[in-house]
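Protein chains in written order, with the working numbering: chain A, 1 to 312; chain B, 313 to 624.
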């Protein structure tokens, strides 16, 4: 069986383009640009909780990095470096090679150097650290929105939840939508270009990993405000509606922006070729409350507001 | 059961002293000092591989951070920030509270802000990202040693391996040494002060996590050199000798330094109140070879050169 060090050398050591010292020492060395703050996040993906045992390893490698990149997108940061710590039950080299291909495909797409990590034996678990840069003072936080701001969402949320339901046999997607929804689940596209473009436009942002309502709720809590949502494009079928509102794993961005910037946001949608949909408005309170209406103005009740790993 | 977000708020959100934005957003923000490089490492601890299921959670919290701090010590860096991603099979709040106490005790000891992370459900797994600063160009790497340099080790290695063997019933430590060896295993003391003091003195350094011979081997490989070890203080009993040479988990530093600095290293030992023992000398080659002798000059063979998570 190849050793831990051979595995690292073979599959996880590639050239870097903007790193002082990468994989292979006790730690890596990087030099953030002058005037930049460093933006740091870390997400852990666990078999059985975040992915199924039979997930294609190349897709999984992509997604493992992509969900972390998404956290930086939500801060308006440019991703630059990553670490990868992984636990595997055995050294299945074909599986590891495929995982590494997917991981590095995502790294290449977003200009990220892999600079370090750890390889160990255990139940399958991947933990990424992601590091990016923003000009000091310009990061998009959850806490910056105010009553009157418009609420926007990127892309077409709910697709990942529909893809998962299809794969688990809980529903049957027609062929026209199947590939699209499964791709949204397995190869999420973090909205890095959008996050960068929102600097100076958005007052708050978050990425949708636990579901729109749950993640919007974090913004409301951090900003001490409420929201009124009225969503013209909300699907009618119950399952699709719940996926749209509460399905996790889409990694779209929810953000807020003053009404005066409405036209700029609309223009950004065209420039990025990415749907940006106004779904509501920030209100004064009570903190965290979401008043949800359908297109006709009638109240909507939702059973599952979002995903919580230890919730009841 | 408390939610993921309640657990984070209750046990893992504390004040920070040198962080722009800490726990609670999509990512954290830090501003490394001017002229500094950022030093980054990540280690994952898995139940059954790195610790036993019945390990005291407060000790485990300390060790989880300490082994990461040790990687920065080996670079001569000052640790400043950390992230913690953790998977737990259930939300046992007393266990989590004790773990957090140990983790933050270590953080306070070394002046580290916890700035982010992740909490999820799964087989018990802790993944720390650790971030520190060095003045640009001054980090201690594995690759800098040359033939003629002396090889040194800090502290009294092998104690953690003896403590583990005692706890596992593979040997019986007398009462005089028991507490000391178990403490070395459960509450390792990363050699941060030594690493900082070695800047400008040492030509290469590594921390001993897999065992002296294995970790010294990484230095030799990175520097393209060999070593001749002759260790006056090597214990005679076979088990103790193997623990000294190949026992992991001590987190002492092995480092190299030109002979001309011998007196400075000896003085440093006094200043830090920490044993620093010259154990050999770097030779020209063949790369990676360790010629190991006892005090009389006779060759020593070792069965287990070190720990490899996927080795045969």
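Ideal Cβ positions, reconstructed from N, Cα and C, are used throughout, including at glycine.
The structure presented is a predicted model; accordingly, all values stated were derived computationally and were not measured.
- Here residue 193(A) has 272 as same chain residues with Cβ atoms under 7 Å from its own Cβ, once five neighbours each way along the sequence are excluded.
- Counting the other CB atoms within 10 Å of its CB gives residue 454(B) a total of 16 or more, which places it among the buried residues.
- Taking a contact to require three or more Cβ pairs closer than 8 Å, the region 465–474 of chain B and the region 338–351 of chain B do not qualify as touching.
- Proximity of residue 250(A) to chain B, defined by a Cβ-Cβ separation below 8 Å, is not satisfied.
- Note on geometry: alpha-carbon atoms of residue 90(A) and residue 121(A) lie some 7 Å from one another.
- Considering only 521(B), 608(B), 532(B) and 557(B), the residue with the shortest C-alpha distance to residue 599(B) is 532(B).
- Counting along the chain, no alpha helix (DSSP H) covers residue 19(A), and no H or E run does either.
- Residue 519(B) sits close to residue 565(B), with the two beta carbons spaced by under 8 Å.
- Membership of residue 411(B) in the alpha helix (DSSP H) is indicated by the continuous run 405–422.
- Annotated three-state conformation of residue 431(B) is strand, per DSSP.
- Taking a contact as a CB-CB distance under 8 Å, the pair residue 394(B) and residue 39(A) does not count as one, their CB atoms being some 16 Å apart.
- Proximity of the region 352–371 of chain B to the region 437–452 of chain B meets the contact definition, three or more beta-carbon pairs being nearer than 8 Å.
- At a cut-off of 8 Å between beta carbons, residue 120(A) contacts chain B.
- Inter-residue distance for residue 147(A) and residue 326(B) is about 29 Å (C-alpha atoms, whole angstroms).
- Sequence-distant Cβ neighbours of residue 330(B) in its own chain, meaning closer than 7 Å and more than five residues away, are 392 and 425.
- For the region 278–290 of chain A, the set of positions with a beta-carbon nearer than 9 Å to some beta-carbon of chain B is empty.
- With contacts defined as CB atoms closer than 8 Å, residue 282(A) and residue 153(A) fail to qualify as a contacting pair.
- The Cβ neighbour count for residue 323(B), taken over all protein chains shown within 10 Å, is at least 16; the residue is labelled buried.
- Residue 569(B) sits in a strand when the DSSP states are folded into three classes.
- In this model, residue 423(B) and residue 498(B) are separated by some 20 Å (Cα to Cα).
- A distance below 6 Å between beta-carbons, with the five flanking residues on each side excluded, links residue 126(A) to the following residues of its chain, in chain order: 45, 64 and 86.
- Considering only 25(A), 274(A) and 215(A), the residue with the shortest C-alpha distance to residue 535(B) is 25(A).
- Residues of the region 27–61 of chain A that bring their beta carbon within less than 9 Å of a beta carbon in chain B comprise 27, 28, 29, 30, 31, 32, 34, 36, 37, 38, 39, 40, 41, 42, 43, 44, 45, 46, 47, 48, 49 and 50, in sequence order.
- DSSP lists no bridge partner for residue 225(A).
- For the C-beta of residue 427(B), the chain A residues within less than 8 Å are, from N- to C-terminus, 40.
- Rounded to whole angstroms, residue 360(B) and residue 233(A) show a C-alpha spacing of 50 Å.
- Rounded to the nearest angstrom, the gap between the Cα atoms of residue 229(A) and residue 296(A) is 12 Å.
- The C-alpha of residue 22(A) lies about 22 Å from the C-alpha of residue 98(A).
- Under the Cβ distance rule, residue 384(B) counts among the residues neighbouring chain A, one pair being separated by less than 8 Å.
- Residue 366(B) counts as exposed, since fewer than 16 other C-beta atoms from the protein chains shown sit within 10 angstroms of its C-beta.
- With respect to the 8 Å criterion, residue 429(B) and residue 371(B) are not classified as neighbours on the basis of their beta carbons.
- Residue range 57–73 is occupied by the alpha helix (DSSP H) that includes residue 57(A).
- Around the beta carbon of residue 613(B), a 10 Å sphere encloses fewer than 16 other beta carbons of the protein chains shown; the residue is thus reported as exposed.
- If you ignore the 5 residues before and after residue 596(B), its C-beta comes within less than 6 Å of the C-beta of 459, all in its own chain and listed in chain order.
- Looking from the CA of residue 293(A), the closest CA among 93(A), 249(A) and 241(A) belongs to 241(A).
- Residue 282(A) sits in a strand when the DSSP states are folded into three classes.
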